[in-house]
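Notes follow once the structure below has been shown.
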Amino acid sequence: MAEAATETAVEVVDLASTRLRELNQRLHDLSGGAPGPRRWRVLNPNGAHAVACGLDADVEVEIEGHVGYYCAGMNKLATVRVHGNAGPGLAENLSSGTVVVDGNASQSAAATARGGLVVIRGDAAARCGISMKGVDIVVRGSVGHLSGFMAQTGRLVVCGDAGEALGDSVYEARLYVRGEVASLGADCVEKELGDEHRTELGELLLQAGIDDVDPGDFHRYGSARQLYNFHVDHAGEY
Amino acid sequence: MATTENPPNLRESYLFDRTVIAEIQRAAREGIYDIRGFGAKRRLPHFDDLLFLGASISRYPLEGYRERCDTDVTLGTRFAKKPLVLKIPVTIAGMSFGALSAPAKEALGRGASEVGTSTTTGDGGMTPEEREHSRILVYQLLPSRYGMNADDLRKADAIEVVVGQGAKPGGGGMLLGHKISDRVAAMRDLPKGIDQRSACRHPDWTGPDDLEIKIGELREITDWEKPVFVKIGATRTYYDVQLAVKAGADVIVLDGMQGGTAATQDVFIEHVGIPTLPAVRIAADALQELGMHRQVQLIVSGGIRTGADVAKALALGADAVSIGTAALIAMGDNAPELDEEYRKIGSAAGYYDDWQAGRDPAGISTQEDELAARFDPVLGGRKIANYLRVLTLEAQTLARACGKSHVHNLEPEDLVALTVEAAAMARVPLAGTNWIPGVDNP
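Those sequence lines, one after another, are chains H and F. Just so we're aligned, residue -16 is where the first sequence starts under our numbering, counting upward by one. Just so we're aligned, residue 1255 is where the second sequence starts under our numbering, counting upward by one.
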């Protein structure tokens, strides 16, 4: 019973008085199903970098404030919620689990992420989803330039607008934008939005907790696959 | 058999020699730059231009077969909880599964492990075979992040943040579609058969301040256990080394322009970067100025072929060296017995550099199952171990001759240069003089 109680209690860590190293180590100690608290609340992050990164456990971490670079980087299984803004490289190389940011995210959000779900309730800056490798990203607001650059697989959903060069050199990732797209990058084209796409959009929006947006309002973008194998006649496109 | 020798009245142009003419004709025919493997082929100032001053009356040597000359090196002593302890100062450089076949990667691990040194992954991730057969494995973090994941990061013994490589500093990479097998494609999360481009910049950091934060993240993810290397191609070496130290690197990996590549434009290989010889001296100076020489270890690569190269690099300030091209040759690349097969694909033994093409008859730089199956990883591993032992024995021989009980005790004072260029670059006297060009002499 004591162990069960430990696992349901909320462990509070105040970064104003506790070193980041200690927080991350305690979270890492839960890897592989090791016993310990499953619910965590982090106070006073004050823009610290690498908060709750490298997690490999089914835990929930609520961060009360703004975080710096690489929050939730390379995580597996965990759910991390940032009640504030996030700096560059949010959830970079995420393998699985969920990361939710209430505010805005700086550049390179979910860069190279391989799986899981990243939800940004505000805007995301440049290069959102750069080289993404399987992650699902839902942005309630808009994304900056070069978002989806070299995006390999996964899905990027933008409820607002997208900056210049969306999907430059995109591979097989699916990009959905509801608002305006400033410009498309090299080899990125608009594609038909079919029923299967509306269905998956609806599911992604639902997972992201967004219920006031119609999946039918989106446009779909992806690779024209013209640059997959180098040809000199396309040299000007690179 | 008809002779191919030309009459003496035919004079070949120095400027437009047959190689240049052939390249112009190829460019006009194909309309694309030449992409190839290997490293720089042009003549460059190198360790051959240096000589050791063996012991004499003013220095006494160590007995070759009786007195110890140690070769161990510890990497990552600055911050990591678990530094790497190597028995020899020669490591295997990063080479990807994708560029190389799985058996070749396995052989590198086997050989390195047999002699107590490390091997390194590459752009494409870590294979189970490689991890299984590598006692000490360095995991590269590259801009593409192909195959990068936290599980393998935790399995690694050290992390190498790759900023650049000597063959193409400032350039990204390209694995051509014909080397993208099902397995390579799956590891890189990309479709089979397409050209896989590797970015030249990391996706989530830019510049030294960001790099410091990135290294901090890697340390947090791995609980500060693993050494973090930073690999740079030799260009603005002084500043790059100092900035990498400032960013928190445990180890600097410095790759001179002779460093090999699996696939890069020939113009890039031959015309960008500086040779290994000046780079190692600049890097050592940069570390010494910071008071970090031997605190942050320096690994030098790019054209290491012999124990003499190893000893000279160490004498100029390196803690260890890495080999790539030489390791492939040791395993059987460019072997004379394959000459006929090399000729069938437009090359010849001793010249083969089409590592990007995937048709390697030695089964090393290929992803074709039939070719890869020709390569025996056990035998290949044995050859690597043999070669690493020879490099070490040769370096020890030279160190003992200079009276050193550890190869790290070699120093610039043990060297002289054969050419003015080498004297200036290595900052050692021209042989027979006390003149170091560019340095105020007494």
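Glycine included, C-beta positions come from ideal geometry on N, C-alpha and C. No experiment lies behind these values; they were computed from the predicted model shown.
Determine, using beta carbons only, whether residue i and residue j come nearer to each other than 9 Å.
i: R22(H); j: T(-9)(H); result: yes
i: A1616(F); j: N1640(F); result: no
i: I1577(F); j: A1567(F); result: no
i: M1428(F); j: F132(H); result: no
i: R1643(F); j: V1339(F); result: no
i: V1484(F); j: V1415(F); result: yes
i: P1397(F); j: A1356(F); result: no
i: V1526(F); j: L1329(F); result: no
i: Q1621(F); j: I1289(F); result: no
i: A1516(F); j: Q1610(F); result: yes
i: T1375(F); j: Q1394(F); result: yes
i: M1679(F); j: P1532(F); result: yes
i: A1203(F); j: G1571(F); result: With chain F running from 1255 to 1696 in the structure shown, residue 1203(F) is simply not present.
i: E45(H); j: H66(H); result: yes
i: T1579(F); j: I1528(F); result: no
i: P1457(F); j: I113(H); result: yes
i: G98(H); j: V122(H); result: no
i: G1724(F); j: D1509(F); result: Any property of residue 1724(F) remains undetermined from this structure, which presents chain F solely from 1255 to 1696.
i: Y204(H); j: P1445(F); result: no
i: A1404(F); j: K59(H); result: yes
i: A40(H); j: A17(H); result: yes
i: A1358(F); j: I1618(F); result: yes
i: V101(H); j: V126(H); result: no
Under 8 Å Cβ-Cβ, which residues of chain H neighbour residue i?
i: E1474(F); result: L3, R4, N7, A33, C36 and G37
i: K1380(F); result: For the sequence presented, residue 1380(F) should be read as Met rather than Lys. Neighbours of M1380(F) on chain H: none; closest Cβ ~14 Å, over 8 Å.
i: A1453(F); result: S114 and M133
i: D1449(F); result: Y211, N212 and F213
i: I1467(F); result: H32, A33, G51, Y52 and Y53
Run down chain H in chain order and give the residues with a C-beta less than 9 Å from the C-beta of residue i.
i: P1615(F); result: In chain order: nothing, as chain H lies at least about 24 Å away.
i: S1398(F); result: T95, S114 and M133
When DSSP builds the beta bridges, which residues end up paired with residue i?
i: Q1715(F); result: Only positions 1255 to 1696 of chain F appear in the structure, and residue 1715(F) is not among them; the question remains open.
i: T136(H); result: K116(H)
i: K59(H); result: D39(H)
i: H1547(F); result: V1550(F)
i: T1345(F); result: S1576(F)
i: T1518(F); result: R1290(F)
i: A145(H); result: V126(H) and V164(H)
i: Q8(H); result: In the DSSP output, where bridge partners are listed per residue, Q8(H) has none listed.
i: I46(H); result: V25(H) and V65(H)
Give the DSSP-derived three-state secondary structure of residue i in the structure shown.
i: M1428(F); result: strand
i: V1369(F); result: coil
i: V1632(F); result: helix
i: R1650(F); result: Position check: residue 1650(F) holds Gln in this sequence, whereas Arg was assumed. Three-state DSSP puts Q1650(F) in a helix.
i: L1407(F); result: helix
i: G1376(F); result: strand
i: R1535(F); result: helix
i: S206(H); result: strand
i: M(-16)(H); result: Note that M(-16)(H) scores a pLDDT of 43, beneath 50, so its modelled location is shaky and nothing firm can be said.
i: Y159(H); result: strand
i: G150(H); result: coil
i: G131(H); result: coil
i: G16(H); result: helix
i: G177(H); result: coil
i: Q1621(F); result: coil
i: L1354(F); result: strand
i: L1669(F); result: strand
i: R24(H); result: strand
i: V1438(F); result: helix
i: M1255(F); result: Residue confidence for M1255(F) is low, a pLDDT of 49 falling below 50, so the modelled location carries little weight; the figure read from the coordinates is stated next. Residue state, collapsed to three classes: coil.
i: H214(H); result: coil
i: Q1419(F); result: coil
i: D1614(F); result: coil
Could you work out which residues of chain F lie near residue i, taking near to mean beta carbons separated by less than 7 Å?
i: Q135(H); result: D1443 and L1444
i: T182(H); result: None at all; the shortest Cβ gap to chain F is about 23 Å.
i: K59(H); result: A1404
i: P28(H); result: Within chain F, no residue comes near P28(H); the closest Cβ sits about 14 Å away, beyond 7 Å.
Who are the neighbours of residue i on chain F, taking C-beta pairs under 8 Å?
i: H11(H); result: D1477
i: N76(H); result: R1399, M1402, N1403 and A1404
Anything in chain A within Cβ reach of residue i, meaning under 7 Å, just list it in chain order.
i: G1470(F); result: In the displayed structure, chain A is absent; the protein chains listed are H and F.
Give the interface partners of residue i over in chain F, defined as CB-CB distance under 9 Å, in chain order.
i: R110(H); result: P1457 and D1458
i: G117(H); result: D1443
- Message: Which runs of the beta strand (DSSP E) at least 3 residues long sit entirely within the stretch 79 to 119 of chain H? Give them in chain order.
- Response: Annotation note: the stretch 79 to 119 of chain H contains the following uninterrupted beta strand (DSSP E) runs of length 3 or greater, listed N- to C-terminal: 81 to 84 and 100 to 103.
- Item | Continuous alpha helix (DSSP H) assignments of at least 4 residues falling wholly in the stretch 1472 to 1516 of chain F | Here the runs fully enclosed are 1491 to 1500.
- Query: Residue ranges of each beta strand (DSSP E) run of no fewer than 3 residues wholly in the stretch 1275 to 1333 of chain F, ordered along the chain?
  - Reply: Segments of the beta strand (DSSP E) lying fully in the stretch 1275 to 1333 of chain F: 1289 to 1292, 1304 to 1306 and 1327 to 1329.
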